[in-house]
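Participant:
Protein chains: 2
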Amino acid sequence: MLQNIPSPKTACLLIIGNEILSGRTQDANTRTLALALNQHGIRLLEVRIIPDIEDHIIKTVTTCRESFDFVFTSGGIGPTHDDITAACIAQAFNVSLVKHLPSFSALEKHFGTERFNPARQRMAYLPEGATPIANPVSVAPGFTIGNVHVMAGVPKIFTAMIEELIPTLPQGTALSMTGWHANGLREGDLAAGLTAIQEHFPQLDIGSYPYDHPKNGKGVALIVKGYHAEQVKNAAQALHDLIIAQGQTPQEGEP
Amino acid sequence: MLQNIPSPKTACLLIIGNEILSGRTQDANTRTLALALNQHGIRLLEVRIIPDIEDHIIKTVTTCRESFDFVFTSGGIGPTHDDITAACIAQAFNVSLVKHLPSFSALEKHFGTERFNPARQRMAYLPEGATPIANPVSVAPGFTIGNVHVMAGVPKIFTAMIEELIPTLPQGTALSMTGWHANGLREGDLAAGLTAIQEHFPQLDIGSYPYDHPKNGKGVALIVKGYHAEQVKNAAQALHDLIIAQGQTPQEGEP
Chain W
27 MLQNIPSPKT ACLLIIGNEI LSGRTQDANT RTLALALNQH GIRLLEVRII PDIEDHIIKT
87 VTTCRESFDF VFTSGGIGPT HDDITAACIA QAFNVSLVKH LPSFSALEKH FGTERFNPAR
147 QRMAYLPEGA TPIANPVSVA PGFTIGNVHV MAGVPKIFTA MIEELIPTLP QGTALSMTGW
207 HANGLREGDL AAGLTAIQEH FPQLDIGSYP YDHPKNGKGV ALIVKGYHAE QVKNAAQALH
267 DLIIAQGQTP QEGEP
Chain C
27 MLQNIPSPKT ACLLIIGNEI LSGRTQDANT RTLALALNQH GIRLLEVRII PDIEDHIIKT
87 VTTCRESFDF VFTSGGIGPT HDDITAACIA QAFNVSLVKH LPSFSALEKH FGTERFNPAR
147 QRMAYLPEGA TPIANPVSVA PGFTIGNVHV MAGVPKIFTA MIEELIPTLP QGTALSMTGW
207 HANGLREGDL AAGLTAIQEH FPQLDIGSYP YDHPKNGKGV ALIVKGYHAE QVKNAAQALH
267 DLIIAQGQTP QEGEP
């Protein structure tokens with residue numbers, strides 16, 4: 027009998043920053059968060075990359091905190107004029123920014139009184155009622171208010187904050203994800219068989235991703251994921267057998 | 027006197043695919059589109075990464091095609107069961123999927139009659155009234171309907187479709203973007219100066235991005251962009267002078 031596993035809680039990531047939208051910088055935080063949430067049993071259901079524009083941030087936060095169980099944000103909490111995330115979140119929650127004394131003291135100690143100028147002091151102001159998220163890399167905290175978790179955009183700091191934050195969130199069933207590479211096959215050759223397997227495992231998510239590998243040439247990655255580990259294993263076996271039936275050898279790891 | 031340049035048209039990219047949200051795959055298409063749109067004078071104002079879920083796709087397309095001048099999508103137009111983008115776009119526009127005869131013939135010729143099975147034939151069905159976007163890599167077309175431009179997710183094909191599509195769109199003023207790396211400085215040292223420069227150039231977007239380079243260590247990238255090339259040049263000079271005033275030498279290119 028099929029084990030009954032409740033639907034995972036849902037999450038949305040808001041990447042706040044003109045530098046991704048201008049093409050100057052490649053986002054790295056989506057993957058970091060996705061993998062951490064998979065392990066923790068929360069489903070990353072949407073990512074939005076939005077500009078450093080006050081109205082745009084406030085409107086998006088307001089919509090997303092109603093639509094998802096968890097909202098994570100990255101970017102815009104540094105000391106410069108373009109760091110407006112904390113002020114926007116405060117507005118979205120209709121509260122003021124207030125000096126968070128422990129963070130203020132920690133930052134003052136870190137920078138020394140002389141270097142702790144007004145720009146750096148801004149980083150100790152959090153929306154009223156927010157709880158800080160520790161920053162073991164560069165001291166300036168992220169914060170949680172309601173179901174919104176606000177983190178830095180610099181990947182090293184984002185990763186450190188994720189490691190602080192995720193274990194404090196309610197845990198679900200970890201996502202199981204596995205699959206095979208079918209070197210030498212094409213999606214069109216596998217489509218009918220994949221449809222049959224997907225219909226046999228309606229609670230799983232079976233995906234098919236063509237690739238063109240520099241060394242091994244063209245093929246298709248067949249990936250199965252879901253929250254029932256036993257079913258995922260059985261579906262992976264079915265994918266394995268499908269590749270064999272098409273006359274190729276399933277490959278693990280790199281194509 | 028300041029040249030009067032109209033505000034650029036706005037664009038949203040929808041990346042449709044569970045493989046990005048699961049962390050299995052790193053998105054590469056945002057940067058490709060962003061750089062092409064910068065050149066063409068269209069502003070990429072938002073990116074949404076959404077799952078292969080019918081309701082989620084239809085709702086997002088419906089919202090975004092009303093909120094932005096252009097909507098671009100990537101992913102979900104192949105031959106397998108998880109390729110549901112074309113059907114969802116048809117629903118969002120309240121039209122049927124119909125066989126597009128020239129695409130059907132081209133695909134039949136490409137695959138040969140025997141390999142042109144029902145799964146592959148699906149790729150020749152477009153929403154009624156859509157115009158195909160040529161696919162010089164693997165024949166199966168993208169398409170345009172209204173202000174929505176639908177493309178493949180595989181980066182090589184996405185890039186080729188972008189190259190076909192962008193020159194057909196109304197052209198604006200290209201975005202000018204430049205800047206300097208300030209090795210050895212910190213955002214907090216530069217914040218007051220940056221605020222003054224931003225206030226002097228209110229029509230430009232001045233951004234500050236800390237880095238920690240493996241070879242050259244910590245510093246800040248100071249980036250200016252906007253649609254007034256002359257102003258961008260003047261602001262870049264001001265950023266240059268700010269770095270000098272803080273006792274460091276501005277660096278071009280890599281930090």
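If you read the protein sequences in the order shown, they are chains W and C.
For the record, in the first sequence the residue sitting at position 102 is 128 according to the working numbering, with numbers rising by one throughout.
For the record, in the second sequence the residue sitting at position 58 is 84 according to the working numbering, with numbers rising by one throughout.
Ideal Cβ placement from N, Cα and C applies to all residues, glycine included.
Could you tell me the alpha carbon to alpha carbon distance between A218/C and H207/C, rounded to whole angstroms?
Facilitator: Taking the second sequence and counting its residues from 1, one reaches residue 218/C at position 192. Taking the second sequence and counting its residues from 1, one reaches residue 207/C at position 181. Approximately 17 Å between the Cα atoms of the pair.
Participant: Beta-carbon separation of V73/C and L127/C under 8 Å?
Facilitator: Taking the first residue of the second sequence as 1, we reach residue 73/C at position 47. Taking the first residue of the second sequence as 1, we reach residue 127/C at position 101. In this structure, L127/C does not lie closer than 8 Å to V73/C by Cβ.
Participant: For a contact meaning CB atoms closer than 9 Å, what does K251/W contact in chain C?
Facilitator: By 1-based counting over the first sequence, the position of residue 251/W is 225. Ordered by position in chain C, the residues that pass the 9 Å Cβ test against K251/W are N44, S48, R50.
Participant: Entirely within the stretch 49-134 of chain W and at least 3 residues each: give me those beta strand (DSSP E) ranges in chain order.
Facilitator: Those beta strand (DSSP E) runs which fall completely within the stretch 49-134 of chain W and span 3+ residues are 68-76, 96-100, 123-125.
Participant: Does the beta carbon of P236/W sit closer than 8 Å to a beta carbon anywhere in chain C?
Facilitator: Translated into positions along the first sequence, residue 236/W becomes position 210. Closer than 8 Å: yes.
Participant: Given that M203/W touches chain C, what residues does it touch there, using C-beta distances under 8 Å?
Facilitator: Taking the first sequence and counting its residues from 1, one reaches residue 203/W at position 177. Within 8 Å Cβ-Cβ: S48, R50.
Participant: Give me, in chain order, the residues of the same chain whose beta-carbon lies closer than 7 Å to that of A118/W; leave out the 5 immediate sequence neighbours on both sides.
Facilitator: What you label residue 118/W is simply residue 92 of the first sequence in a count that begins at 1. Closer than 7 Å at the Cβ level, and outside the excluded window around A118/W, lie I84, V87, T88.
Participant: In terms of residue numbering, what span does the beta strand (DSSP E) encompassing L248/C cover?
Facilitator: Indexing the second sequence from 1 puts residue 248/C at position 222. From DSSP, the beta strand (DSSP E) with L248/C extends over 243-252.
Participant: Starting from the Cα of T204/C, find the closest Cα among H136/C, T194/C, L191/C, K251/C and give me that residue.
Facilitator: As a first step, residue 204/C must be located in the second sequence, where it is residue number 178. Nearest option by C-alpha distance: K251/C.
Participant: Quick check on DSSP: helix, strand or coil for F227/W?
Facilitator: Here residue 227/W corresponds to residue number 201 of the first sequence, with the count starting at 1. The answer is coil: DSSP assigns F227/W none of H, G, I, E or B.
Participant: List, in order along the chain, the chain C residues whose C-beta lies closer than 7 Å to that of A218/W?
Facilitator: Residue 218/W sits at position 192 when you count from the first residue of the first sequence. Neighbours of A218/W on chain C, chain order: A145.
Participant: Can you give me the C-alpha to C-alpha distance between P276/W and H175/C, rounded to a whole angstrom?
Facilitator: For this step, residue 276/W is matched to residue 250 along the first sequence. For this step, residue 175/C is matched to residue 149 along the second sequence. Rounded to the nearest angstrom, the two C-alpha atoms are 35 Å apart.
Participant: Is P236/W buried or exposed, if buried means 16 or more other CB atoms sit within 10 Å of its CB?
Facilitator: If you number the first sequence from 1, residue 236/W lands on position 210. Buried: at least 16 other Cβ atoms inside 10 Å.
Participant: Need the endpoints of the beta strand (DSSP E) that A208/C sits in, please.
Facilitator: For the purposes of this step, residue 208/C is taken as residue 182 along the second sequence, with counting starting at 1. Run containing A208/C: 202-209, per the beta strand (DSSP E) assignment.
Participant: With DSSP as the reference, please indicate the residues paired to P158/W in a beta bridge.
Facilitator: By one-based count along the first sequence, residue 158/W stands at place 132. In DSSP, P158/W forms a bridge with F169/W.
Participant: For the stretch 54-66 of chain W, which residues have a beta carbon sitting closer than 9 Å to at least one beta carbon of chain C?
Facilitator: Taking 9 Å as the Cβ-Cβ cut-off against chain C, the residues of the stretch 54-66 of chain W that qualify are A54, T56, R57, T58, L59, A60, L61, A62, L63, N64.
Participant: Using three-state DSSP, classify G219/W as helix, strand or coil.
Facilitator: Numbered from 1 along the first sequence, position 193 holds the residue referred to as residue 219/W. If DSSP states are grouped into helix, strand and coil, G219/W belongs with the helices.
Participant: Provide the residue span of the alpha helix (DSSP H) that contains A37/C, from first to last.
Facilitator: Taking the first residue of the second sequence as position 1, residue 37/C is located at position 11. Counting along the chain, A37/C falls outside any alpha helix (DSSP H), though it belongs to the beta strand (DSSP E) covering 35-42.
Participant: When we look at the beta-carbon of M27/W and count the other beta-carbons within 10 Å, is it buried (16 or more) or exposed?
Facilitator: Reading the first sequence from its first residue, position 1 is the one you call residue 27/W. For M27/W, the predicted model reports a pLDDT of 46, less than 50, meaning its position is unreliable; a value from the coordinates is still stated below. Counting Cβ neighbours within 10 Å, M27/W comes out exposed, since fewer than 16 surround it.
Participant: Measure the Cβ-Cβ separation of M149/C and P181/C and say whether it is below 8 Å.
Facilitator: In the second sequence, the residue the question calls residue 149/C occupies position 123. In the second sequence, the residue the question calls residue 181/C occupies position 155. The answer is no: Cβ separation not under 8 Å.
Participant: Taking the straight line between their C-alpha atoms, what separation do you get for Q224/W and D108/C?
Facilitator: Locating residue 224/W in the first sequence gives position 198, where the first residue counts as 1. Locating residue 108/C in the second sequence gives position 82, where the first residue counts as 1. Those two C-alpha atoms are separated by around 9 Å.
Participant: For my contact list, G49/W and A60/C are in at a C-beta cut-off of 8 Å; report their separation, rounded to the angstrom.
Facilitator: Position 23 of the first sequence, counted from the start, is the residue given in the question as residue 49/W. Position 34 of the second sequence, counted from the start, is the residue given in the question as residue 60/C. Confirmed, about 3 Å.
Participant: Going along the stretch 68-99 of chain W in order, which residues come within less than 9 Å of chain C, judged by CB to CB distance?
Facilitator: From the stretch 68-99 of chain W, only R69, L70, L71, E72, V73, R74, I75, I76, P77, D78, I79, H82, T86 have a Cβ closer than 9 Å to chain C.
Participant: Could you check the C-alpha separation between N161/W and T185/C for me, to the nearest Å?
Facilitator: Counted from its first residue, the first sequence places residue 161/W at position 135. Counted from its first residue, the second sequence places residue 185/C at position 159. Roughly 38 Å between the two C-alpha positions.
Participant: Using a cut-off of 9 Å between C-beta atoms, extract the partners of V180/C located in chain W.
Facilitator: The count along the second sequence starts at 1 and reaches residue 180/C at position 154. Under the 9 Å cutoff, chain W gives Y235, P236, Y237, D238.
Participant: Considering only residues of the same chain and omitting the five flanking positions on each side of A145/C, which have a CB-CB separation below 8 Å?
Facilitator: Counting from one through the second sequence, the residue named residue 145/C turns up at place 119. If we look at A145/C and ignore the five residues flanking it on each side, its Cβ neighbours are P105, T106.
Participant: Nearest by alpha-carbon distance to H82/C: which of G102/C, C114/C, T58/C is it?
Facilitator: As a first step, residue 82/C must be located in the second sequence, where it is residue number 56. Nearest C-alpha to H82/C: C114/C.
Participant: Using a C-beta to C-beta distance shorter than 7 Å, which residues of chain W count as neighbours of T221/C?
Facilitator: Within the second sequence, the letter at position 195 stands for residue 221/C. Those are H107, listed as they occur along chain W.
Participant: Output the boundary residues of the alpha helix (DSSP H) element that contains M149/W.
Facilitator: Mapped onto the first sequence, residue 149/W falls at position 123. Run containing M149/W: none; DSSP gives neither H nor E here.
Participant: Is there contact here, the stretch 43-57 of chain C with the stretch 52-66 of chain W, by at least three beta-carbon pairs under 8 Å?
Facilitator: Counting Cβ pairs under 8 Å, three or more are found: they touch.
Participant: So P153/C and L123/C are in contact, right, with Cβ under 8 Å, and what is the actual spacing, rounded?
Facilitator: Reading the second sequence from its first residue, position 127 is the one you call residue 153/C. Reading the second sequence from its first residue, position 97 is the one you call residue 123/C. With a Cβ gap of about 6 Å, P153/C and L123/C count as contacting.
Participant: Using a C-beta to C-beta distance shorter than 7 Å, which residues of chain C count as neighbours of D267/W?
Facilitator: Locating residue 267/W in the first sequence gives position 241, counting from the first residue. Near D267/W there are no residues of chain C at all, since even the closest Cβ is about 17 Å away, more than 7 Å.
Participant: Provide the residue(s) that pair with M177/W in DSSP beta bridges, ordered along the chain.
Facilitator: Sequence index remark: in the first sequence, residue 177/W carries index 151 (1-based). S100/W.
Participant: Note down, in chain order, every chain W residue with its Cβ under 9 Å from the Cβ of E15/C.
Facilitator: This structure gives no information on residue 15/C, because the portion of chain C shown stretches from 27 to 281.
Participant: Hey, is N104/W's beta-carbon within less than 8 Å of any beta-carbon in chain C?
Facilitator: Taking the first residue of the first sequence as 1, we reach residue 104/W at position 78. Looking at the sequence provided, one finds Gly at residue 104/W rather than Asn. Chain C contact via Cβ: present.
Participant: Can you name the residues of chain C whose CB is closer than 7 Å to the CB of E213/W?
Facilitator: Here residue 213/W refers to the residue found at position 187 of the first sequence. G104, P105, T106, listed in chain order.
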